[in-house]
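There are 4 protein chains.
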Amino acid sequence: MPKIVDHDQYRKELLTKCFDLFANKGYASVTMRQIAQEIGVSTGTLYHYFPSKQALFWQLYDEFNERDTASMNAVLNNIHTLQERITAIFDYIAQNEDYFFKQFLITSDFYQQQDRTEILANETLKRNYELNRDFVAKALETDDPAVVNFAMCLATGIMVVRLFEGNVVEYDEQAQLFHKMLTLYLQDVSLHESDELPVS
Amino acid sequence: MPKIVDHDQYRKELLTKCFDLFANKGYASVTMRQIAQEIGVSTGTLYHYFPSKQALFWQLYDEFNERDTASMNAVLNNIHTLQERITAIFDYIAQNEDYFFKQFLITSDFYQQQDRTEILANETLKRNYELNRDFVAKALETDDPAVVNFAMCLATGIMVVRLFEGNVVEYDEQAQLFHKMLTLYLQDVSLHESDELPVS
Amino acid sequence: MPKIVDHDQYRKELLTKCFDLFANKGYASVTMRQIAQEIGVSTGTLYHYFPSKQALFWQLYDEFNERDTASMNAVLNNIHTLQERITAIFDYIAQNEDYFFKQFLITSDFYQQQDRTEILANETLKRNYELNRDFVAKALETDDPAVVNFAMCLATGIMVVRLFEGNVVEYDEQAQLFHKMLTLYLQDVSLHESDELPVS
Amino acid sequence: MPKIVDHDQYRKELLTKCFDLFANKGYASVTMRQIAQEIGVSTGTLYHYFPSKQALFWQLYDEFNERDTASMNAVLNNIHTLQERITAIFDYIAQNEDYFFKQFLITSDFYQQQDRTEILANETLKRNYELNRDFVAKALETDDPAVVNFAMCLATGIMVVRLFEGNVVEYDEQAQLFHKMLTLYLQDVSLHESDELPVS
DNA sequence: CATGAATGAGCTTTCATTCAT
DNA sequence: TATGAATGAAAGCTCATTCAT
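Protein chains in written order, with the working numbering: chain G, 1 to 200; chain F, 1001 to 1200; chain C, 2001 to 2200; chain R, 3001 to 3200.
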């Protein structure tokens, strides 16, 4: 069924094209006419591909949440020291900061129209979060969930603070500080672990 | 004689009453009729106190950004160890998490209708951010801006991750981890400083 | 009952003060708040003197329609030739053109909210029109109603054309032309009358 | 393929349909819903063809000011005496009095929302007035602008007086009187002209 | 499939009017 | 009497959605 594939392919292209619009103006402030104009189709066509404005928005949300983490994984290829891996990740965020800002604003928007408990039960989101967690765990070479969360919260926090307050924080500065703290922490942990070994 | 009303006082009361509504539904999805009904006045009265919906929203935003940090400062009273202070702050955030979620969602909303450069130039916001920074600096007993930013980004990040992903992170766990890392880091720094002292 | 007199006197003062406002903006575009502000009272006071906006407007309309023609009559004092009387009247209109424009615009407005047959049945208006007619008859020293109407229509027409088209017509030019035509006509009529006399 | 609609043609049809409504009620008293209902479309459609109520009204005003004077010119076809031409013009006005009343009321309304100097500078209006002037000049077989203005003011005045005071004046009566006066005047002028001829 | 004219519910806002003070 | 805060019906206008072409 090649037709269907084309249809679905085109649908995704349309979604991609209205990502910026939703991010910059917010769901409720964007009109179907604006979307149609922005992506160069008629409102009729829009409704041919999406049953409603809300459906379009939700599909957009799902779309970027389903994107694989391939590009992110590539970031760590052939990088061997912890410091370099941390730097690489923070650099990656810095490079794509504008995209993360937009994704973040759309997500905020999405949360205001959905029942919160429903969102938190969403399997795709859960799986997505876990993929991210695994990625960070591998990068930091640790299995301690607290440390993984710590890193993820820090990265998220830097981005949000930069979005709301401007360049009051810098990615590389925080990356170095984090690397230093993490190294000291991991050393400390392994010290205590070896302490305990004779005991066990 | 007219009805005796403290115009400005009443205006602020009205603002307080519609905080939740804006946070839960988002600026554009809330109607003036809903607001009026929610806070128990007529739409006419709403327009007697605010020239427009946007003005109302902006005043709401300004209002909670101008609130003093008194209650936050009280958190640190009579607390003497670093560990307790960190725990106290994270506890404070945990206790008021719902309020922070709302403030955060409103802020996201606000950013989508304003020119970003204009917001970042806003003096009140700048001052507000600096007050927060000073507060954290005092709590951590450090003057290193990188460390202060680190703490603020971490705290912000935990809140945001919890808002978007649910209870995948816990405040106290992260507080302990942060305290541990910070302590190790500060020790390390003071070690190197004493190394350098003879040189100078 | 002195209070009543004061009340009524004050009412008329208020009316006078909002004449310009109604003329310049039109009945429906003027708000009670604007009126109140313009004449320096509160809306409450306005409603103390007038039961409604419409009543206020109708009273305003009646008010200037009831004004006596004293000032107009004074125009003809000690003027003895027909030419001078015609010139005096046209001059009078020219001098007070702005007032006539306003009166005219208010009247137009009034006609759009009233049933036309009702207006035309109004006794005050009828009497007013007849007073004007008598005045013109006396000024032109003629009893021919057609001539009186002719003069009144001409004067009205000049004013309206000037309001709508600007200074494309001038009062004095038209006054002279009218005097010339009228003189020739009256001569002609009296000629024929004397022709007829022997017949009767 | 979209629905085939001659946008501009349909726009003008809609304008024509709301002429009476505006004339009878006045701009500010007519609501967009009333207009829509009256002309049998939805408010949405109204806004599809006109950006605002004011734009609709201004286009209506322009529309009847741009209508050619063809029908008026036809009035004079195959009429050879001055008396007949004057009678024909006054008859024409009498026949279309209702339309002129309406046009006039709309114009009055229009003047209350526009800056007066702007209106008087309007080229279409100027040209329109001049077309009327030329028409009258041709009908009266005179080049004297004062006489042309005289006739136009008289005709306008009769109409306005009839609108405001009812049938206190009659077109044919005034037409005859005007013809008489004009004939006498033109004779008189040509007499003096021939007097002067020997001199030159 | 694609178009955009048409719809009408519902939005923000205004304003004549009321009434407690 | 005088005030102006409060009201809510109704205005101008928007926009998601439908559907004839």
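Where a beta carbon is used, it is the ideal one built from N, C-alpha and C, also for glycine.
Where in the stretch 3095-3128 of chain R do unbroken runs of the alpha helix (DSSP H), each at least 4 residues long, occur, reported from the N-terminal end onward?
The stretch 3095-3128 of chain R is shown to contain whole alpha helix (DSSP H) runs of 4 or more residues at 3097-3113 and 3116-3121, in chain order.
Taking residue 1204 of chain F as the query, report the chain G residues whose CB atoms sit under 7 angstroms from its CB, ordered along the chain.
Residue 1204 of chain F lies beyond the range of chain F shown here (1001 to 1200); nothing can be said about it.
Have a look at residue 3113 of chain R and residue 2017 of chain C and give me their C-alpha separation to the nearest angstrom.
As a position in the fourth sequence, residue 3113 of chain R is number 113, starting the count at 1. As a position in the third sequence, residue 2017 of chain C is number 17, starting the count at 1. The alpha-carbon atoms of residue 3113 of chain R and residue 2017 of chain C are separated by roughly 21 angstroms.
Among F:1122, F:1015 and F:1086, nearest to residue 1141 of chain F - alpha-carbon criterion:
Locating residue 1141 of chain F in the second sequence gives position 141, counting from the first residue. Relative to residue 1141 of chain F, the option among F:1122, F:1015 and F:1086 whose CA is nearest is F:1086.
Any chain R beta carbon closer than 8 angstroms to residue 2019 of chain C
Translated into the one-based positions of the third sequence, residue 2019 of chain C becomes position 19. Interface criterion not met: the Cβ of residue 2019 of chain C is under 8 angstroms from no Cβ in chain R.
Strictly under 8 angstroms for the Cβ-Cβ distance: is residue 44 of chain G near chain F by that measure?
The sequence position of residue 44 of chain G within the first sequence is 44, counting from 1. No, its Cβ sits nowhere closer than 8 angstroms to a Cβ of chain F.
Is residue 42 of chain G close to the ligand GDP? I mean its beta-carbon at under 7 angstroms from any heavy atom of the ligand.
Among the components modelled here there is no ligand, and therefore nothing to report on the ligand GDP.
DSSP state of residue 1167 of chain F, grouped into three classes?
The residue given as residue 1167 of chain F occupies position 167 in the second sequence. In the structure shown, residue 1167 of chain F sits in coil (DSSP, three-state: anything other than H, G, I, E or B).
Going by beta carbon distance, what residues of the same chain come within less than 8 angstroms of residue 1010 of chain F, once the five residues before and after it are set aside?
The residue labelled residue 1010 of chain F in the question sits at position 10 within the second sequence. Here the set comprises 1049.
Closest to residue 3057 of chain R by C-alpha separation, out of R:3027, R:3136 and R:3065, would be which residue?
Your numbering for residue 3057 of chain R matches position 57 in the fourth sequence. Out of R:3027, R:3136 and R:3065, R:3027 has the C-alpha closest to the C-alpha of residue 3057 of chain R.
So which of C:2139, C:2033, C:2096 and C:2143 has the shortest CA-CA distance to residue 2073 of chain C?
Reading the third sequence from its first residue, position 73 is the one you call residue 2073 of chain C. Answer by Cα proximity: C:2139.
For a cutoff of 8 angstroms on Cβ pairs, would you count residue 8 of chain G as touching chain F?
For this step, residue 8 of chain G is matched to residue 8 along the first sequence. No, because no Cβ of chain F sits closer than 8 angstroms to the Cβ of residue 8 of chain G.
Is the Cβ of residue 105 of chain G closer than 8 angstroms to any Cβ of chain F?
The sequence position of residue 105 of chain G within the first sequence is 105, counting from 1. Judged by the 8 angstroms Cβ criterion, residue 105 of chain G is in contact with chain F.
Residue 3020 of chain R - containing alpha helix (DSSP H), residue span:
As a first step, residue 3020 of chain R must be located in the fourth sequence, where it is residue number 20. Per DSSP, the unbroken alpha helix (DSSP H) holding residue 3020 of chain R starts and ends at 3019-3025.
Would you check if the distance between the CB atom of residue 3023 of chain R and the CB atom of residue 3102 of chain R is smaller than 8 angstroms?
On the fourth sequence, residue 3023 of chain R is found 23 positions in, with the first residue counted as 1. On the fourth sequence, residue 3102 of chain R is found 102 positions in, with the first residue counted as 1. Result yes, Cβ atoms of residue 3023 of chain R and residue 3102 of chain R sit closer than 8 angstroms.
Hey, residue 3204 of chain R and residue 3091 of chain R: beta-carbon distance below 8 angstroms or not?
Beyond the ends of chain R as shown, which are 3001 and 3200, falls residue 3204 of chain R; an answer cannot be given.
Please list the residues of the stretch 1030-1063 of chain F that have a C-beta atom closer than 8 angstroms to any C-beta atom in chain G, keeping them in chain order.
Those residues of the stretch 1030-1063 of chain F placed with their C-beta closer than 8 angstroms to a C-beta in chain G do not exist.
Taking Cβ to Cβ, would you say residue 3059 of chain R is nearer than 8 angstroms to residue 2149 of chain C?
The residue given as residue 3059 of chain R occupies position 59 in the fourth sequence. The residue given as residue 2149 of chain C occupies position 149 in the third sequence. Result no, Cβ atoms of residue 3059 of chain R and residue 2149 of chain C do not sit closer than 8 angstroms.
Buried or exposed for residue 3071 of chain R, going by 16 or more other Cβ atoms inside 10 Å?
Reading the fourth sequence from its first residue, position 71 is the one you call residue 3071 of chain R. Label assigned to residue 3071 of chain R: exposed.
Contacts around residue 1106 of chain F, its chain only, beta-carbon distance under 6 angstroms, and the 5 residues preceding and following it disregarded:
Looking up residue 1106 of chain F in the second sequence gives position 106. Excluding positions up to five away in sequence, the list reads 1022 and 1023.
My assumption, with CB atoms under 8 angstroms, is that residue 3159 of chain R sits in contact with residue 2161 of chain C. Please give the rounded CB distance.
Counting from one through the fourth sequence, the residue named residue 3159 of chain R turns up at place 159. Counting from one through the third sequence, the residue named residue 2161 of chain C turns up at place 161. Contact check for residue 3159 of chain R and residue 2161 of chain C: beta-carbon distance about 11 angstroms, past the 8 angstroms limit, so the pair fails to qualify.
Does residue 3086 of chain R come out as helix, strand or coil in the three-state DSSP assignment?
Within the fourth sequence, the letter at position 86 stands for residue 3086 of chain R. Looking at residue 3086 of chain R - three-state DSSP - the assignment turns out to be helix.
Spell out whether any CB of chain G is found under 8 angstroms from the CB atom of residue 1164 of chain F.
Within the second sequence, residue 1164 of chain F is the residue found at index 164, counting from 1. For residue 1164 of chain F, a Cβ of chain G is located within less than 8 angstroms of the residue's own Cβ.
Given a threshold of 16 other Cβ atoms within 10 Å of its Cβ, counted over all protein chains shown, does residue 2190 of chain C qualify as buried or as exposed?
In the third sequence, residue 2190 of chain C corresponds to position 190, counting from 1. With fewer than 16 other CB atoms across the displayed protein chains lying within 10 angstroms of its CB, residue 2190 of chain C is exposed.
With respect to the alpha helix (DSSP H) encompassing residue 2033 of chain C, which residues constitute its N-terminal and C-terminal limits?
For the purposes of this step, residue 2033 of chain C is identified with residue 33 of the third sequence, where counting begins at 1. Where residue 2033 of chain C is concerned, the enclosing alpha helix (DSSP H) stretches over 2032-2039.
For a quick check, are the C-beta atoms of residue 88 of chain G and residue 1177 of chain F less than 8 angstroms apart?
Residue numbering aside, residue 88 of chain G sits at position 88 when the first sequence is read from its first letter. Residue numbering aside, residue 1177 of chain F sits at position 177 when the second sequence is read from its first letter. Cβ distance not < 8 angstroms, so residue 88 of chain G and residue 1177 of chain F don't count as in contact.
Beta carbon of residue 2165 of chain C nearer than 8 angstroms to that of residue 3111 of chain R:
For the purposes of this step, residue 2165 of chain C is identified with residue 165 of the third sequence, where counting begins at 1. For the purposes of this step, residue 3111 of chain R is identified with residue 111 of the fourth sequence, where counting begins at 1. No, they are not a contact pair.
Alpha helix (DSSP H) containing residue 3006 of chain R: first to last residue?
Translated into the one-based positions of the fourth sequence, residue 3006 of chain R becomes position 6. Neither: residue 3006 of chain R is in no alpha helix (DSSP H) and is coded neither H nor E.
May I have the straight-line CA-CA distance separating residue 61 of chain G from residue 132 of chain G, to the nearest angstrom?
Taking the first residue of the first sequence as position 1, residue 61 of chain G is located at position 61. Taking the first residue of the first sequence as position 1, residue 132 of chain G is located at position 132. Going from the Cα of residue 61 of chain G to the Cα of residue 132 of chain G covers about 17 angstroms.
Write down the C-beta distance between residue 3065 of chain R and residue 3117 of chain R rounded to the nearest angstrom, noting that I regard them as a contact closer than 8 angstroms.
Working through the fourth sequence from its first residue, we reach residue 3065 of chain R at position 65. Working through the fourth sequence from its first residue, we reach residue 3117 of chain R at position 117. The pair is not a contact, with the Cβ atoms about 18 angstroms apart (cut-off 8 angstroms).
For chain G, is any of its Cβ atoms less than 8 angstroms away from the one on residue 1124 of chain F?
Position 124 of the second sequence, counting from 1, holds the residue named residue 1124 of chain F. Chain G contact via Cβ: absent.
For residue 1012 of chain F, which residues from the same chain have a beta carbon less than 8 angstroms from its beta carbon, with the 5 sequence-adjacent residues on both sides left out?
In the second sequence, the residue the question calls residue 1012 of chain F occupies position 12. Excluding its 5 nearest sequence neighbours in each direction, residue 1012 of chain F has C-beta neighbours in its own chain below 8 angstroms: 1063, listed in chain order.
Count the other CB atoms, across all protein chains shown, that sit within 10 Å of the CB of residue 3008 of chain R; report buried if there are 16 or more and exposed otherwise.
Translated into the one-based positions of the fourth sequence, residue 3008 of chain R becomes position 8. Answer is exposed; the Cβ neighbour count stays below 16.
Do residue 184 of chain G and residue 1185 of chain F have their CB atoms nearer than 8 angstroms?
Along the first sequence, read from residue 1 onward, the residue named residue 184 of chain G stands at position 184. Along the second sequence, read from residue 1 onward, the residue named residue 1185 of chain F stands at position 185. Contact flag set, yes.
Between which two residues does the alpha helix (DSSP H) carrying residue 60 of chain G extend?
Position 60 of the first sequence, counted from the first residue, corresponds to residue 60 of chain G. 53-66 is the span of the alpha helix (DSSP H), which, as asked, contains residue 60 of chain G.
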